[in-house]
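To start, the structure under review is shown below, and the notes come after it.
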Amino acid sequence: MVFNLLNHKHWTTTKMCTGIRLIAADKTVVHARTLEFAVDILSDIIVVPRGYERVGSTPAMAEEPPLPGKKWKSKYASVGMSALGLPLIIDGFNEVGLAIGLFYFPGFAEYMPYSRSDAENTIAPWEVGSWILENFETVDQVKTAIKDIVVPGVIFAQFDPNASPTVHFVVHDASGQSIVIEYVGGKLNVHDNPLGVITNSPTFDWHMTNLRNYVNFSFTNVSGFKLGSVQLSPFGQGSGMLGIPGDFTPPSRFVRAVAYSQSVSEAFSQGYNDKGEGESFHAATGKDAILQAFHILNNFDIPKGVAREHEHIVEETGTTLVPADYTLWTSASDLQLKQYYFRTYENSQIRMVDLNVHKDRSFKIERFSIAGQETIQTIG
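Numbered according to our numbering, the sequence shown spans residues 15 to 394.
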């Protein structure tokens, strides 16, 4: 069943997500992200088997005669989050360690022009992620193949009866390569993503340029400063990051995500413990990087009510709506062990689905509910 929860003109541009990539010392790549929305998008975990047949959507699906899009059969099994009951992955990875994430891109996404002659190479924006996971092994393969795919604005009635969802995509592979895919001005733009970070609008290249405003930041506390005979010292830890933007806007989240994810990268890994001995901040293993990713993304949790739209009055009912984004779920993917970890707004316990267990178990899509409330353990 496909749900119609988002088919409401009063849900405006409140959609926020933050994505990072970590690479452990053992070279395990971890793709991690949050997903924010103003309503529950009814996500489930799905496992898509090899050999699953798909047909892409086109703007001509509603015409007479209807004209379907690109056809393919999945080469690789995949696992990840779905939305609205659809058999498509919006965040996840495949059995060879290629990962994707779909992120909102409001005000900037403008998809490609379409003609009926393009149909056999056409897929809808919300199908791009599954097409990538089910057909490719590496970022380089995706960069080559995406050039031949037409991605037009296709009406997505479950979201908006008059529009296509505005999204862009991050792709990581098991070697650590990363790209961002955007459609701007009707053209495909593929950006190399050396830092592995993504948020929302504006365009990815703008975010990378904006980092130049923060080159004064340091993971190390600033030294004291003497003014004449007066010695001034920082109040405490964190003075090297004094002034880092702390709001929930996409540019600010991008800057923070870069800072926090790079602080534990190999280049900035050397530290010392309380005995003065050398100690690395760099995660040693994939499991360490998974836990590190969740700790980093704690800084991007958005509780209900702190990021709101202006209120709207629904003319038909007189109901007042105040859309407010919150973090529906947070996920982290181990691209070496092929394990998908997640927690939800209602349940902060980290849970996991192992693709290795499920990839050969069924010829149909398996679906696992992520619903459930927090279980509090009493000790003592």
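For every residue, glycine included, the Cβ atom is placed at its ideal position computed from N, Cα and C.
Query	Result
For the alpha helix (DSSP H) containing residue 61, name the first residue and the last one.	Unbroken run through residue 61 is the beta strand (DSSP E), 58–62; no alpha helix (DSSP H).
Starting from residue 312, trace the alpha helix (DSSP H) in both directions and tell me its first and last residue.	300–312
Flag this pair as yes or no: are the beta carbons of residue 44 and residue 281 separated by less than 8 Å?	no
If we count the other Cβ atoms within 10 Å of its Cβ and call it buried at 16 or more, is residue 15 buried or exposed?	For residue 15, the predicted model reports a pLDDT of 34, less than 50, meaning its position is unreliable and no value from the coordinates is stated.
Roughly how many whole angstroms lie between the Cα atoms of residue 264 and residue 207?	16 Å
Does the beta-carbon of residue 317 have 16 or more other beta-carbons within 10 angstroms, so that it is buried, or is it exposed?	exposed
Quick one: what's got a C-beta closer than 6 Å to residue 156's C-beta in the same chain, skipping five residues either side?	146, 150 and 185
Indicate whether residue 94 and residue 359 have their beta-carbon atoms separated by less than 8 Å.	no
Beta-carbon separation of residue 120 and residue 215 under 8 Å?	yes
Using the Cα positions of residue 367 and residue 236, report the straight-line distance between them to the nearest angstrom.	43 Å
Would DSSP call residue 204 helix, strand or coil?	strand
Measuring only the C-alpha atoms, how far is residue 227 from residue 261?	16 Å
Quick one: grab the DSSP three-state call for residue 353.	strand
Which residues in the same chain have their Cβ closer than 8 Å to the Cβ of residue 394, if we skip the five residues on either side of it in sequence?	none
Cβ atoms of residue 255 and residue 273: under 8 Å apart, would you say?	yes
In angstroms, rounded to a whole number, what distance separates the CA positions of residue 61 and residue 336?	35 Å
Can you have a look at residue 29 and say buried or exposed, based on whether 16 or more other CB atoms are within 10 angstroms of its CB?	buried
Name, in chain order, the residues that DSSP records as bridge partners for residue 94.	60 and 106
Taking contact to mean 3 or more Cβ pairs, one atom from each stretch, closer than 8 Å, check whether the segment 76–83 and the segment 103–117 are in contact.	no
Are the CB atoms of residue 137 and residue 165 nearer to each other than 8 Å?	yes
For a quick check, are the C-beta atoms of residue 90 and residue 148 less than 8 Å apart?	yes
Could you tell me if residue 23 is buried or exposed, where buried requires 16 or more neighbouring beta carbons within 10 angstroms of its beta carbon?	The pLDDT assigned to residue 23 is 47, lower than 50, so where the model puts this residue is not dependable; a value taken from the coordinates is nonetheless given after this. Exposed, since its Cβ has fewer than 16 Cβ neighbours within 10 Å.
From the DSSP output, which residues share a beta bridge with residue 128?	Partner(s): none; residue 128 has no beta bridge.
Rounded to the nearest angstrom, what separates residue 320 and residue 377 at their Cα positions?	43 Å
Take residue 231 as the anchor and find which of 201, 34 and 276 has the nearest alpha-carbon.	276
Less than 8 Å between the beta carbons of residue 65 and residue 92, yes or no?	no
Should residue 343 be labelled buried (16 or more other beta-carbon atoms within 10 Å of its own) or exposed?	buried
So, with DSSP's three-state summary, where would you put residue 161?	helix
Using the beta-carbon count (16 or more within 10 Å), is residue 130 buried or exposed?	exposed
Please name the residue in 356, 268, 56 and 303 whose C-alpha comes closest to that of residue 314.	268
Excluding the five sequence neighbours on either side, which residues of its own chain have a C-beta within less than 6 Å of the C-beta of residue 191, listed in chain order?	153
Can you give the Cα-Cα distance for residue 249 and residue 298, rounded to whole angstroms?	32 Å
Mind checking which residues open and close the alpha helix (DSSP H) that includes residue 146?	142–149
Quick check: what's the CA-CA separation for residue 345 versus residue 219?	25 Å
Secondary structure at residue 51, three-state DSSP: helix, strand or coil?	strand
Exposed or buried, residue 239, counting other C-beta atoms within 10 Å across all chains shown (16 or more means buried)?	exposed
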